[in-house]
Structures are given as C-alpha cells and as structure tokens.
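A quick write-up on the structure given underneath.
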Amino acid sequence: MSTLPESPVEVAFVGRSNVGKSSLINALANRKQLAKVSNTPGRTQLINLFETPSKGTIVDLPGYGYAKVPGRIRAGWEKMIVGYLLEREELEMVFVLVDGEIGPTKLDVQMLEHLRENEVPHTIVATKHDKVKSSKRETRKRDLAAGCEVAQKDVMWVSASSGVGIDSLRNAVNGILGKAK
Ligand code: GDP
1 MSTLPESPVE VAFVGRSNVG KSSLINALAN RKQLAKVSNT PGRTQLINLF ETPSKGTIVD
61 LPGYGYAKVP GRIRAGWEKM IVGYLLEREE LEMVFVLVDG EIGPTKLDVQ MLEHLRENEV
121 PHTIVATKHD KVKSSKRETR KRDLAAGCEV AQKDVMWVSA SSGVGIDSLR NAVNGILGKA
181 K
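So that you can map any letter, position 1 of the sequence shown is 1 in UniProt numbering, and since no number is skipped, the others follow by simple counting.
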C-alpha cells in the first residue's frame with residue numbers, strides 16, 4: 001500500500017467478490033471497459049485506481065471472501081485492505097457494497113464493524129436493485145438496513161443493469177472528490 005501514488009483525496013469501494021463492484025464502477029464511469037468485469041468472482045485481485053477530472057482518486061479494492069483462493073493468501077489481502085482503510089489519510093469515504101439480492105454476509109458485517117469501531121467514514125451501497133422483485137423491495141430494504149445496523153435512509157440502492165441510483169452515487173462521489181484542489 002505504501003506504493004500507492006499520491007492523491008489529494010480518495011474514495012474507496014469495497015465488497016465481497018461478485019457483489020457487482022466492477023460493474024458498478026463501470027456504470028459510474030459511464031464508460032464501458034474502464035474496470036474489468038469478471039465472470040469468475042474474485043478475479044479483481046489487484047487494486048485498480050481511477051483518476052477523476054478533479055484529480056481525486058477512486059480506489060477499487062480487491063473483493064474479499066473469494067472461496068477458491070487459499071486462506072493464507074486471502075488473509076493477506078484482507079489484512080492489506082483493512083490496513084489501507086484504517087490508515088490511509090487521503091481516504092475521505094469508503095463505499096461498502098452489499099449485495100441487494102442476498103443481503104449482508106458475515107464478512108460484510110465484520111467489515112462494517114471494523115469501519116465503525118475505527119470511525120472510518122463509510123456509506124453502504126446495496127447493489128443489484130433490479131434483482132429484487134418490486135413486491136419484495138420494501139421488506140428487503142428494511143431487512144438489509146437492519147442487517148447492517150443502519151437506518152434505511154442511510155443505504156444507497158443501485159443497479160448497474162437498470163441504472164437505478166447511479167446518478168445519485170456519482171454525485172456523492174463527485175461531491176467528495178470535488179474537494180480536491
Ligand atoms: P465483482 O466481483 O464485485 O467485481 O462483480 P462483477 O461486477 O464482476 O459482477 C458479478 C456478477 O453480478 C456478474 O455476473 C454481473 O453481470 C452481475 N451484476 C453486477 N451488477 C449487477 C446488477 O446491477 N444487476 C444484475 N442483475 N446483475 C449484476
């Protein structure tokens with residue numbers, strides 16, 4: 001992590017493998033193929049950086065919890081991710097992605113606990129809004145927020161497929177990175 005380039009201000013995206021992180025970053029960038037979308041979960045093992053026009057940086061951290069990677073290696077990444085999240089001074093906001101279809105996993109809850117305990121500013125983003133049937137949405141929104149121990153209004157729902165919530169999230173990101181001078 002010490003090799004990351006200097007940046008005036010950063011936001012990071014984290015989430016478990018297959019949560020839809022690459023698809024979301026592509027949708028935010030409004031440019032296909034900016035982030036590599038993988039069919040095999042957990043292919044994004046590297047840290048991808050995207051510089052924005054304001055000179056702020058979007059940091060795409062490796063997905064956690066990919067079962068096919070040996071535990072020893074996985075533990076190494078997870079330590080690195082947490083180290084970055086807790087220590088990086090330039091980091092203004094962590095967007096924690098939670099799969100809207102399946103809700104928070106144990107690893108998601110652990111990540112949120114780490115961030116909360118260490119007072120790292122974070123926002124929960126629920127992905128794959130289009131995969132939740134409209135008849136189930138209200139219940140799902142309530143349950144997901146409860147599982148993450150936040151109020152419903154504090155969860156941003158998005159879909160890379162339908163475009164729901166993408167503009168709001170892009171505005172939130174730009175608002176933070178726009179602080180860069
Ligand atoms: P990553 O491992 O977190 O980077 O996840 P990907 O972006 O590679 O997405 C994992 C899988 O979920 C892929 O099959 C995507 O096509 C699918 N996916 C991602 N976002 C959405 C979404 O908003 N809606 C739906 N229906 N599928 C999605």
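Even glycine gets a Cβ: it sits at the ideal position worked out from N, Cα and C.
Asked: Would you call the CB atoms of V155 and V98 closer than 9 Å?; Found: yes
Asked: Compute the beta-carbon to beta-carbon distance between K130 and S168, rounded to the nearest angstrom, for a pair I have assumed lies under 8 Å.; Found: A small fix is needed here, since residue 130 is Asp in this sequence, not Lys. Actually they do not touch by this definition, with Cβ atoms about 16 Å apart.
Asked: Just how far apart, CA to CA, sit T44 and P62?; Found: Here T44 scores only 49 on pLDDT, less than 50, and its place in the model should not be relied on; the value that follows carries that caveat. Approximately 6 Å, taken between the alpha carbons.
Asked: Please find out if some non-hydrogen atom of ligand 2 comes closer than 8 Å to the beta-carbon of T105.; Found: Annotation note on ligand 2: not contained in the displayed structure, which lists ligand 1 as its ligands.
Asked: Can you look up residue 182 in the DSSP assignment and give me helix, strand or coil?; Found: Residue numbering for the chain in the displayed model covers 1 to 181; residue 182 lies beyond these limits and cannot be assessed.
Asked: Over the uninterrupted alpha helix (DSSP H) stretch that includes N171, give me the two end residues.; Found: I166 to L177
Asked: Please look up how many angstroms separate the CB atoms of S7 and E92, rounded, as I've assumed it's under 8 Å.; Found: Going by Cβ atoms, the distance from S7 to E92 rounds to 10 Å, so no, they are not a contact pair.
Asked: Just to confirm the assignment: which complete beta strand (DSSP E) runs, minimum length 3, are found wholly within the region 126 to 164?; Found: 155 to 157
Asked: Just to confirm, is the Cβ distance from T127 to V158 under 9 Å?; Found: yes
Asked: As a quick exercise: from F95, T105 and E101, pick the residue whose alpha carbon is nearest that of I124.; Found: F95
Asked: DSSP state of V82, grouped into three classes?; Found: helix
Asked: Is the distance from the Cβ of G65 to the Cβ of R116 below 9 Å?; Found: no
Asked: Expressed to the nearest angstrom, what Euclidean distance is found between the alpha-carbon atoms of N118 and A12?; Found: 16 Å
Asked: What's the gap between the Cα of E87 and the Cα of E51?; Found: 20 Å
Asked: Report the partner residues of I124 according to the DSSP bridge assignment.; Found: V96 and V155
Asked: Is S22 near ligand 1, with its Cβ less than 8 Å from a heavy atom?; Found: yes
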